[in-house]
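These notes are about the structure you will find just below.
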Amino acid sequence: MVGSGRMAQAGVLVKDARAIEEMNKVDILIIDKTGTITEGKPSLKNFQSFGSISDDEILKLAASIDANSEHPLADAIVAGAKEKNMELIKMEKFESVTGKGVKAIYKGKTIALGNQKLVDEFRANLDEDNKKIVKEWQLKAQTVMYLLIDNKVEGIVTVSDKIKESSVNAIKELQKMGLRVHMLTGDNQFTAKAVADELGLDGFTAECLPEDKYKKVKELQKKGHVVAMAGDGINDAPALEQANVGIAMGTGTDIAMQSAEITLVKGDLNGIVRARDLSRKVMRNIKQNLFFAFVYNSIGVPVAAGVLFPFFGLLLSPIIAAAAMSFSSISVIANALRIRNM
Numbered sequence: 025m026v027g028s029g030r031m032a033q034a035g036v037l038v039k040d041a042r043a044i045e046e047m048n049k050v051d052i053l054i055i056d057k058t059g060t061i062t063e064g065k066p067s068l069k070n071f072q073s074f075g076s077i078s079d080d081e082i083l084k085l086a087a088s089i090d091a092n093s094e095h096p097l098a099d100a101i102v103a104g105a106k107e108k109n110m111e112l113i114k115m116e117k118f119e120s121v122t123g124k125g126v127k128a129i130y131k132g133k134t135i136a137l138g139n140q141k142l143v144d145e146f147r148a149n150l151d152e153d154n155k156k157i158v159k160e161w162q163l164k165a166q167t168v169m170y171l172l173i174d175n176k177v178e179g180i181v182t183v184s185d186k187i188k189e190s191s192v193n194a195i196k197e198l199q200k201m202g203l204r205v206h207m208l209t210g211d212n213q214f215t216a217k218a219v220a221d222e223l224g225l226d227g228f229t230a231e232c233l234p235e236d237k238y239k240k241v242k243e244l245q246k247k248g249h250v251v252a253m254a255g256d257g258i259n260d261a262p263a264l265e266q267a268n269v270g271i272a273m274g275t276g277t278d279i280a281m282q283s284a285e286i287t288l289v290k291g292d293l294n295g296i297v298r299a300r301d302l303s304r305k306v307m308r309n310i311k312q313n314l315f316f317a318f319v320y321n322s323i324g325v326p327v328a329a330g331v332l333f334p335f336f337g338l339l340l341s342p343i344i345a346a347a348a349m350s351f352s353s354i355s356v357i358a359n360a361l362r363i364r365n366m
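Each number in our numbering comes from the position in the sequence shown (counting from 1) with 24 added on.
Printed below as a string of structure tokens:
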């Protein structure tokens with residue numbers, strides 16, 4: 025109880041007390057990228073045509089289809105188009121393709137915007153020059169989305185999400201505590217690698233669908249690892265539920281917080297450092313309390329039962345026994361209250 029209260033004061037809300045014990049055993053932390061490592065406030069960076077239409081037309085079509093989406097990257101593209109005073113087009117039959125992108129109909133043509141998996145689904149191709157442009161922006165940690173019109177890639181739009189200032193130090197501290205930190209992201213391989221290298225992560229997996237994150241957690245658990253998963257989005261919910269300890273960003277979605285045992289109020293990774301540190305201290309305190317609780321009984325009960333009477337004629341007075349039991353309780357409570365000052 026004292027540990028949960030102290031964690032709340034530190035901005036770490038614990039829904040399930042079991043999570044305090046499990047957090048002490050965690051050896052692998054899996055983290056999502058957008059909104060967890062990064063600020064979750066992406067902004068438009070670049071847009072370029074690969075086909076017959078202009079660069080501005082690429083952005084206009086991308087923003088028009090994304091106007092129907094709730095994804096943070098979509099909001100960044102729409103905001104970028106509005107800053108350029110572009111008038112958006114009304115699309116028909118909008119559809120969100122989980123983990124891949126979005127598509128709709130405009131003037132009888134299928135307009136789609138998404139990642140490489142969406143391009144593969146449409147069986148579209150890029151020439152070598154365009155691939156070089158894409159890779160160049162991805163290596164700068166920009167997320168590239170492809171605009172397709174009737175199965176042909178007409179251009180790309182890129183957005184960038186700044187890494188939180190707290191993420192670098194928090195990850196280093198967690199690694200010092202003995203945790204291996206892995207990143208799972210739906211982003212492409214090059215962007216994911218750029219972020220992983222900057223943060224010094226122990227590993228990463230790119231182009232993950234929501235079910236891939238869930239499967240990765242389960243796979244690590246089967247290998248005997250105790251896994252904590254930190255995320256903020258709807259697509260992180262299955263993995264948060266499966267993990268030994270689910271950790272949600274307080275700045276994320278409601279379903280993520282409902283699926284997790286721990287919520288970080290400020291939504292930054294320093295909260296995990298505090299949770300891990302307090303978890304270790306709480307578990308150490310519990311072991312001390314078990315000693316206080318049992319040491320009086322292990323000595324007092326045999327004496328009260330008369331084990332020393334045949335040799336020394338000693339029996340334990342009921343008054344002394346009551347005092348010992350009271351002092352045992354006081355010792356446990358006083359020791360537990362020390363956690364408030366940690």
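Ideal Cβ positions, reconstructed from N, Cα and C, are used throughout, including at glycine.
- The stretch 61-74 and the stretch 134-142 do not touch, with fewer than three beta-carbon pairs separated by less than 8 Å.
- The beta carbons of Ile-296 and Ile-279 sit no closer together than 8 Å.
- Between the beta-carbon of Leu-97 and that of Thr-167 there is about 6 Å, and that keeps the pair under the 8 Å contact cut.
- Between Val-269 and Glu-111, the CB-CB gap reaches or exceeds 8 Å.
- Contact between Gly-75 and Glu-178 holds: their C-beta atoms lie close to 4 Å from each other, under 8 Å.
- Taking every protein chain shown into account, the CB of Glu-285 has 16 or more other CB atoms within 10 angstroms, so this residue is buried.
- Each of Asp-90, Ile-129, Leu-83, Tyr-130 was checked against the Cα of Asn-109, and the nearest Cα belongs to Leu-83.
- Counting only runs of at least 4 residues, the stretch 311-335 fully encloses no alpha helix (DSSP H) element at all.
- If you check the CB distance, Asp-256 and Thr-277 come in under 8 Å.
- The beta-bridge partner set that DSSP reports for Tyr-238 is empty.
- Of the candidates Ile-52, Asp-99, Ala-91, Ala-105, Ala-91 places its Cα closest to the Cα of Glu-119.
- About 42 Å separates the Cβ atoms of Asn-175 and Arg-204, ruling out a contact at the 8 Å cut-off.
- Pro-66 counts as buried, since at least 16 other C-beta atoms from the protein chains shown sit within 10 angstroms of its C-beta.
- Boundaries of the beta strand (DSSP E) harbouring Glu-178: 176-184, taken from the DSSP string.
- Going by DSSP, Lys-117 is part of no alpha helix (DSSP H) but of the beta strand (DSSP E) stretching over 116-121.
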